[in-house]
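Colleague: Below: one structure in structure tokens.
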Amino acid sequence: KNQVEQSPQSLIILEGKNCTLQCNYTVSPFSNLRWYKQDTGRGPVSLTIMTFSENTKSNGRYTATLDADTKQSSLHITASQLSDSASYICVVTPNTGGFKTIFGAGTRLFVKA
Amino acid sequence: EAGVVQSPRYKIIEKKQPVAFWCNPISGHNTLYWYLQNLGQGPELLIRYENEEAVDDSQLPKDRFSAERLKGVDSTLKIQPAELGDSAVYLCASSLGQDPSYEQYFGPGTRLTVT
């Protein structure tokens, strides 16, 4: 069964610190892997997208990496800000089966002043 | 450009009552999705439309849930009768097409509470 597992479930950091969120997946082959940010009470918003042949993608202070051999992706947030408090969801779209996207449960990040 | 619009934002109903959610996708987006999101979980697909055709409704509980997308634009999702376990956020998303390279744009969701 295709799965996307994220860790940690939740994380608390101080403003200005860096953090890394993890995503392990079993989906193979896949078309792309996205990281979404979901603020409380809002819908998810795409941060980065990577195909299976890419190993890094940046969007401002957000940098996603992909290791296709170990089937792991990470999202690194640099110099965190209070506005980074949100859920971060890893999403993998298989290359088969009608391209049905598979969502992870997300990591809930809390940035404290 | 307006994003995906959903209404209502919040709904509280008693169990066994019917409820309906409405979604207006981004103009020009052919593909429309309805997702269910429980607290602390990622979205789960309920149904996907390509224009007015439901191309994937395998996860839609058809005994109580129904959806339509007349004219291939706006969509409604209905639950009748609602159960306590239906309490969740219902997200609508749209994309240019079903190609996985197209980003899905999400609406703010409708938070349903069934008492």
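First to last, the protein sequences are chains A and B. Mapped onto this note's numbering, the consecutive letters of the first sequence carry residue numbers 3 to 115. Mapped onto this note's numbering, the consecutive letters of the second sequence carry residue numbers 120 to 234. Note that the Cβ used here is the ideal one computed from N, Cα and C, for glycine as well. Note that the coordinates shown come from a computational prediction; the quantities given were computed from them, not determined experimentally.
(1) Following the continuous beta strand (DSSP E) through histidine 78 of chain A, name the residue where it begins and the one where it ends.
(2) Can you tell me the Cα-Cα spacing of proline 31 of chain A and aspartate 41 of chain A, whole angstroms?
(3) When the cut-off is 8 Å and only beta carbons count, does glutamate 169 of chain B lie next to chain A?
(4) Where proline 227 of chain B and glutamine 74 of chain A are concerned, what is the direct C-alpha to C-alpha distance, given to the nearest angstrom?
(5) Which residue from B/Ser126, B/Ser220, B/Phe140 puts its Cα closest to that of asparagine 97 of chain A?
(6) What are the boundary residues of the beta strand (DSSP E) that threonine 234 of chain B is part of?
(7) Using C-beta distances below 6 Å, list every residue in its chain close to threonine 22 of chain A, excluding the 5 sequence neighbours before and after it, in chain order.
(8) Given that a residue counts as buried once 16 or more other Cβ atoms are within 10 Å of its Cβ, and exposed if not, what is alanine 88 of chain A?
(9) What would DSSP say about serine 60 of chain A, mapped onto helix, strand or coil?
(10) Between which two residues does the beta strand (DSSP E) carrying threonine 252 of chain B extend?
(11) Could you check if arginine 167 of chain B is buried or exposed, using at least 16 other CB atoms within 10 Å of its CB as the buried criterion?
(12) Would asparagine 57 of chain A count as contacting chain B if we go by Cβ distances under 8 Å?
(13) On the criterion of 16 or more Cβ atoms from any shown chain inside 10 Å, does phenylalanine 184 of chain B qualify as buried, or is it exposed?
(14) DSSP on leucine 203 of chain B, reduced to helix/strand/coil?
(15) Straight-line CA distance for lysine 181 of chain B to threonine 150 of chain B?
Modeller: According to the structure shown:
(1) 74-79
(2) Taking C-alpha positions only, proline 31 of chain A is separated from aspartate 41 of chain A by approximately 30 Å.
(3) no
(4) 29 Å
(5) B/Ser220
(6) No beta strand (DSSP E) holds threonine 234 of chain B; DSSP gives it neither H nor E.
(7) Ser76, His78
(8) buried
(9) Strand, per DSSP.
(10) Since the first and last residues shown for chain B are 120 and 234, residue 252 of chain B lies out of range.
(11) Arginine 167 of chain B should be labelled buried.
(12) no
(13) buried
(14) helix
(15) 21 Å
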